[in-house]
Each structure stands twice: as structure tokens, then as C-alpha cells.
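Student: Let me begin by handing over the structure; questions about it come next.
2 protein chains.
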Amino acid sequence: MFLPRVIGYVRSPYKSTQEVPKGLGAQHDAEGVLDILQELEPGLTDIEGFSHLIVLWVFDRQISDGKAEFELLGTPASDDRPHGVFATRLARRPNPIGLTIVELLRREGTRLHVRGVDMLDGTPLLDVKPYLSSIPAEKLRRGWLAEAEARRDQ
Amino acid sequence: MFLPRVIGYVRSPYKSTQEVPKGLGAQHDAEGVLDILQELEPGLTDIEGFSHLIVLWVFDRQISDGKAEFELLGTPASDDRPHGVFATRLARRPNPIGLTIVELLRREGTRLHVRGVDMLDGTPLLDVKPYLSSIPAEKLRRGWLAEAEARRDQ
């Protein structure tokens with residue numbers, strides 16, 4: 007396997023997990039910055055052309071002694087019943103890697119100004135990739151999440 | 007940081023990178039299996055409800071002595087000019103993590119039968135997450151990739 011290396015840090019308005027909007031209908035329109043390490047700047051060449059980016063980051067508050075504590079079943083904020091961790095975006099997963107899709111607003115050197123951050127301030131970044139295509143809405147099934155929404159709307 | 011752990015392996019028809027469709031207009035409709043470790047089976051609870059999954063995996067052929075060799079600029083198969091690695095899906099990135107969105111066809115215990123694999127057979131898996139929402143096509147800008155397509159179609 008490989009040893010993950012930090013490529014930068016998130017600048018976010020959220021200082022604690024309690025501040026991050028969670029649960030059904032949570033909106034993620036907070037603005038923040040992906041602050042990439044100076045020496046990696048050439049890696050950002052041409053990124054301005056993409057409207058949306060996939061950001062991989064570390065749930066670093068879940069780690070102690072290089073090990074992530076994880077649970078195979080957990081109850082997300084969006085439901086009142088447990089689901090398998092791989093059917094959720096919960097933090098306590100075997101590899102503590104988070105994924106967020108953000109809108110790229112502008113780039114200033116190694117600082118990517120983005121909308122849609124749900125990470126905590128100071129979160130270490132692992133990767134940034136262009137978001138290239140979408141699944142058409144009519145082809146997407148959203149499992150327990152759609153069911154939880156339906157229960158809420160009853 | 008954390009030490010990545012393998013959660014399973016990809017079963018794919020592709021044995022070498024040369025066999026994986028690449029470049030403009032490449033179709034990824036190959037079927038394969040995400041073979042999750044038996045002891046993680048509870049983590050798959052309720053995953054059947056989702057039509058599409060985000061799969062994180064390791065570019066394991068890029069690693070030697072725990073280090074990934076990377077290049078900040080590279081020329082993808084879909085273009086004839088170089089771009090920053092974070093504006094591409096190229097393999098030689100600071101963290102050798104690949105991302106593929108697959109369609110979940112069915113689950114048999116710890117075996118997830120999926121369509122859309124572009125990984126090599128035996129690729130180690132890091133995470134599986136539900137695909138929850140799409141960026142509407144009219145809001146998506148695809149940077150150099152759209153330009154490369156336009157040049158091809160001239």
C-alpha cells in the first residue's frame with residue numbers, strides 16, 4: 007500500500023462538526039478555499055476550466071495512532087435507523103476518506119475558491135479531480151435516503 | 007495520517023492498462039465485481055437500494071516501496087497536450103487513489119456486481135460510497151476535455 011501525503015488544507019467556516027449542516031435537506035453552499043501546497047502548483051494547470059471538482063480529504067479527527075476507528079453500521083443524521091457504512095457517507099469508515107463535490111468559483115495561484123464545503127477548517131486534502139459527468143436524475147436511485155425523505159414528507 | 011487498509015478487490019475483465027478503453031468517447035460499460043472482505047459484510051447493509059456507487063481504489067501498479075511516483079503535468083489519452091494532474095484523472099498523482107462511478111447491478115453477499123469498471127483485475131479497494139446527487143448537465147463545464155472534443159469534431 008501507499009502512505010497518504012497531504013496536498014493542502016481546507017479553509018472552511020466550520021470549526022466543529024456541530025456547525026456543519028447535516029441531515030435531510032441540508033444545504034451545502036458554504037464558501038471556502040482549497041489551499042494547495044505551493045510546490046504542487048503546476049498540478050493545478052487548466053483546472054479553471056472545470057465548474058465542479060471532486061475533493062478527497064481525510065476525516066482527520068477520527069484518527070489516533072495512524073488508525074481510524076470505524077463502525078460497520080451507523081445511523082446518519084438523515085435517518086433514524088442504522089445502515090451499512092458503505093451505504094452512507096459517515097466518517098467512521100475503514101479508510102477515513104471523505105468526498106465532497108464543490109463548485110470552483112475562481113483560482114488565485116494555489117488557492118481554489120470553492121462553494122459547497124462541508125469539511126472542517128484545517129482538514130487535510132488528499133486529491134482533487136475534475137467532475138466530468140453526471141448520472142441523469144431519472145436513472146439515479148437513492149435507496150434508504152429516498153425512503154427517509156418520503157417518511158419525513160408524510 | 008492514516009494507513010490505508012484494503013476493503014476488498016476488483017474483479018475486472020482487464021488484465022493490463024492497455025486493455026482499458028481510454029481517450030475521447032471511451033465507453034465504460036464493462037461488468038465486474040467489487041469483492042468486499044467477508045468480515046466487512048455488515049458494512050454493505052442497505053447498499054442494494056442505490057443505483058450508482060462511488061468506488062475509491064488504489065493505482066497499485068504505480069507504487070514501489072510505499073511511495074507513489076507522480077508527475078504534476080501529464081498528457082491524458084483524451085488530449086494531445088499536457089494538463090495539471092489535478093485537472094485530469096491520470097494515475098501518477100501524489101496520492102494514487104482512483105475514483106470510478108459504477109452502476110450497481112446486484113449484490114450477492116459480499117460481491118457487488120457492477121457495470122462500468124475501468125480498473126484492472128485485482129485492484130485493491132479503499133471505499134465504496136453511495137452516489138447521491140448529480141450536477142445538472144447544463145451547469146457542468148468540462149474545461150480542456152470539452153475543448154479536446156471540439157477539436158476532434160472539427
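In order, the protein sequence lines correspond to chains L and P.
Following the working numbering from start to finish, the first sequence increments by one per residue and tops out at 160.
Following the working numbering from start to finish, the second sequence increments by one per residue and tops out at 160.
Every residue, glycine too, gets a C-beta built ideally from N, C-alpha and C.
1. If you follow the alpha helix (DSSP H) that residue 159(L) is in, where does it begin and where does it stop?
2. Can you tell me where the beta strand (DSSP E) with residue 137(P) in it begins and where it stops?
3. Identify which residue in 58(L), 39(L), 33(L) and 93(L) has its Cα closest to the Cα of residue 117(L).
4. Name the one or two DSSP bridge partners that residue 109(L) has.
5. Mapping DSSP to helix, strand and coil, what is residue 66(L)?
6. Residue 60(L) and residue 131(L) - do their beta-carbons sit closer together than 9 Å?
7. Got a sec: which bits of the region 73-93 of chain L sit with their beta carbon under 8 Å from any beta carbon on chain P, in order along the chain?
8. Along the region 26-59 of chain L, where does the CB come closer than 7 Å to a CB of chain P? Name the residues.
9. For my contact list, residue 136(P) and residue 93(L) are in at a C-beta cut-off of 8 Å; report their separation, rounded to the angstrom.
10. Let's test the definition: count the other Cβ atoms within 10 Å of the Cβ of residue 159(L) and tell me whether it reaches 16, buried, or not, exposed.
11. Report buried or exposed for residue 106(P), applying the criterion of at least 16 other Cβ atoms within 10 angstroms of its Cβ.
12. Contact criterion: CB-CB distance below 9 Å. Does residue 115(L) meet it with respect to chain P?
13. Just to confirm my understanding: we take residue 36(P), look at its own chain, exclude 5 residues before and 5 after, and list those with CB closer than 6 Å. What are they?
14. Identify each residue in the region 128-149 of chain P for which the Cβ-Cβ distance to at least one residue of chain L is less than 9 Å, and report them in chain order.
15. In chain L, what lies closer than 9 Å to residue 126(P) by C-beta?
16. CB-CB under 6 Å to residue 104(L), same chain, minus the five flanking residues each way: which ones, in chain order?
17. Return no unless some Cβ of chain P is closer than 9 Å to the Cβ of residue 158(L).
18. Determine, using beta carbons only, whether residue 98(P) and residue 108(P) come nearer to each other than 9 Å.
Tutor: Put simply:
1. Segment 149-159, the alpha helix (DSSP H) holding residue 159(L).
2. That residue, residue 137(P), is in no beta strand (DSSP E); it is neither H nor E in DSSP.
3. 39(L)
4. 58(L) and 121(L)
5. helix
6. No.
7. Flagged, chain order: 73, 74, 78, 79, 88, 89, 90, 91, 92 and 93.
8. 46, 48, 49, 50, 51, 52, 53, 55, 56, 57 and 58
9. 6 Å
10. By the 10 Å Cβ count, residue 159(L) comes out exposed.
11. buried
12. no
13. 19 and 123
14. 130, 132, 133, 134, 135, 136, 137, 138, 139, 140, 141, 142, 143, 145, 146, 147, 148 and 149
15. In chain order: nothing, as chain L lies at least about 16 Å away.
16. Same-chain partners within the cutoff: 63 and 65.
17. Among the residues facing chain P, residue 158(L) is not included, as its CB has no counterpart in that chain under 9 Å away.
18. no
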